[in-house]
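Q:
Protein chains in written order, with the working numbering: chain A, 124 to 403; chain B, 124 to 403.
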């Protein structure tokens, strides 16, 4: 009998999955990092017991965090990722031809080191000379940097512990300061099915509205995250993600994706009635 | 410590949830029926250990099975439901004003009897004089009936055991025979995330295409079904679910739904790239 792991999505529910073997376990300065081999999802990485990335469905989250914002901006040249240690988001950003600088600020160097070993398909893109990897506190980086960006992507863990500040207004205000005048911020925004996360979704939406003229939420079916249904929020200073020009850009680029495509870009911004209620 | 129940979505994964207490367990002629009280989902019904309906999120499945087909047809007067013993689908069909006859053919009378006791909000609609409840084999009913319908909804369990025939071409051909010349068939069509279900989705789609001029698939985020992401397929003899006239009908009707709305009707037909690949 193989071991099973339970990833708790609330105190009362979990995604349980079979584990063929444990490939790696180590405590970093910030968290416990585990790599498991599973029949259902291939190799998976857990941070403090929570499923972060799987070989089988990483494409959904990473495509859906990177592409909508990158295509909403007509010329995204300078991109900043906060978090994103497994480099799946980074690899998708580099598919956009106009990008000439990508800075990633990940708190935990060990996450990237372990990903290099177990998810080389994701981390290969780190070798690109356009990429600058910084290991440190993203909140501090945004408070202090004099650099400017066209797009900022927040690729964070859940809003507990070190990632909590990434869901707060002062952080969003720093993002705005660091964005160019027509910049775009996009953040992963948790699952609306989980009762405890609903206030976070609403507050983030309210805070973004207080800072940015254009705020839109969109969803994706991510089977390995809480309740299989995930939100993202885009806050934009000039461009509307639902503008027809975005459609043209997506089709012209002709990226081969496993989840994202031009029509899906637009449909993902149409949310179920109960989710619309959470947003302003 | 409360008991936890695991609903297996494949041999290698499960949705596990806490159970406060067991309210009912009985073996019917066809299956084991259980009603459990849970902190996460309220009251839930399991058939042979598989989560079928929950107080908390039943609205997604039932709204999304009933409304898209009912609004695609301009005048759905006669509706047939195969399965649907918990009566959640039936209750949504009756929200459509033009309906003047609703026949439901459920195999297992005990499912409806138990639902009346534990999900009275769903079964209340059974008392409507337009409703005729038949308990028996839906496949046999469709082979033999001389009645005609505008819309047929297949509200079935997974394609194993008694429900297997509901996913097969001869059954779809019988549905076509029983439909009026401009009739619509809609069926729940499983989760594209589950490896073993992918061939079923593809075959159903191919079989429907061989019988109906218009076939379209759509999705919904159903957190308590396999992998949280569910497909439905509509096969139509005359009306296209993505026609603009459908939008007008939805907004005119002004139903108060918790998941479904006019824009979502259309966005739900836009599927991720990996799902489009499964369909012809």
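Idealized CB from N, CA, C, for every residue including glycine.
Since we're looking at a predicted model, the values are computed, not measured.
Using the three-state DSSP reduction, which class does residue 299 of chain A fall into: helix, strand or coil?
A: Helix at residue 299 of chain A.
Q: Suppose contacts are defined by Cβ-Cβ distances below 8 Å. Is residue 344 of chain B in contact with residue 352 of chain A by that definition?
A: Yes. Within cutoff.
Q: So with Cβ pairs under 8 Å, would you call residue 287 of chain B a contact of chain A?
A: For residue 287 of chain B, the answer is no, since every Cβ of chain A falls outside 8 Å of its Cβ.
Q: Have a look at residue 281 of chain B and residue 266 of chain A and give me their C-alpha separation to the nearest angstrom.
A: Each residue's Cα considered, the two are about 53 Å apart.
Q: Tell me, please, which residues DSSP counts as bridged to residue 358 of chain A.
A: DSSP, once it has assigned bridges, lists A:308 and A:338 as partnering residue 358 of chain A.
Q: Within the same chain, show all residues whose beta-carbon is closer than 7 Å to that of residue 312 of chain A, passing over the 5 residues directly before and after it, in chain order.
A: Excluding residues within five positions, the ones whose Cβ falls inside 7 Å are 324, 327, 340, 354, 355 and 356.
Q: For residue 104 of chain A, which of A:369, A:146, A:338 and A:130 has the nearest alpha-carbon?
A: Given that chain A is displayed from residue 124 to residue 403, the structure contains no residue 104 of chain A and the question cannot be resolved.
Q: Where DSSP assigns a beta bridge to residue 170 of chain A, which residues make up the other side?
A: In the DSSP output, where bridge partners are listed per residue, residue 170 of chain A has A:156 and A:173.
Q: Suppose contacts are defined by Cβ-Cβ distances below 8 Å. Is residue 201 of chain B in contact with residue 272 of chain B by that definition?
A: It is a contact, given that the beta carbons lie within the stated cut-off.
Q: Going by alpha carbons, who is nearest to residue 335 of chain B out of B:342, B:362 and B:350?
A: Checking every option, the nearest Cα to that of residue 335 of chain B belongs to B:362.
Q: Relative to the C-alpha of residue 317 of chain B, which residue among B:309, B:301, B:349 and B:302 is closest?
A: Out of B:309, B:301, B:349 and B:302, B:349 has the C-alpha closest to the C-alpha of residue 317 of chain B.
Q: Which first and last residues belong to the beta strand (DSSP E) in which residue 264 of chain B is found?
A: Premise fails: residue 264 of chain B lies in the alpha helix (DSSP H), 261-267, not in any beta strand (DSSP E).
Q: Can you check DSSP and say which residues form a bridge with residue 148 of chain B?
A: Looking at the DSSP assignment, residue 148 of chain B forms a beta bridge with B:157.
Q: Kindly indicate which three-state DSSP category residue 319 of chain B falls into: helix, strand or coil?
A: In this structure, residue 319 of chain B counts as helix in the three-state DSSP scheme.
Q: Check residue 185 of chain A in the structure and name its three-state DSSP category.
A: It is helical.
Q: Figure out for me which residue from B:230, B:199 and B:198 has the closest Cα to the Cα of residue 209 of chain B.
A: Per the Cα distances, B:230.
Q: Against residue 386 of chain B, what residues of chain A qualify as contacts under a CB-to-CB distance less than 8 Å, listed in chain order?
A: Ordered by position in chain A, the residues that pass the 8 Å Cβ test against residue 386 of chain B are 393.
Q: Using a Cβ-Cβ distance cut-off of 8 Å, determine whether residue 336 of chain A contacts chain B.
A: Not an interface residue.
Q: Below 8 Å between beta carbons: does that hold for residue 395 of chain B and residue 387 of chain A?
A: It is a contact, given that the beta carbons lie within the stated cut-off.
Q: If we call anything under 8 Å between Cβ atoms a contact, is residue 276 of chain A one with residue 298 of chain A?
A: Result no, Cβ atoms of residue 276 of chain A and residue 298 of chain A do not sit closer than 8 Å.
Q: Against residue 383 of chain B, what residues of chain A qualify as contacts under a CB-to-CB distance less than 9 Å, listed in chain order?
A: Result: 395 and 396.
Q: Could you list the residues in the region 153-165 of chain A with a C-beta less than 9 Å from some C-beta on chain B, going in chain order?
A: Per Cβ criterion, the list reads 161, 162, 163 and 164.
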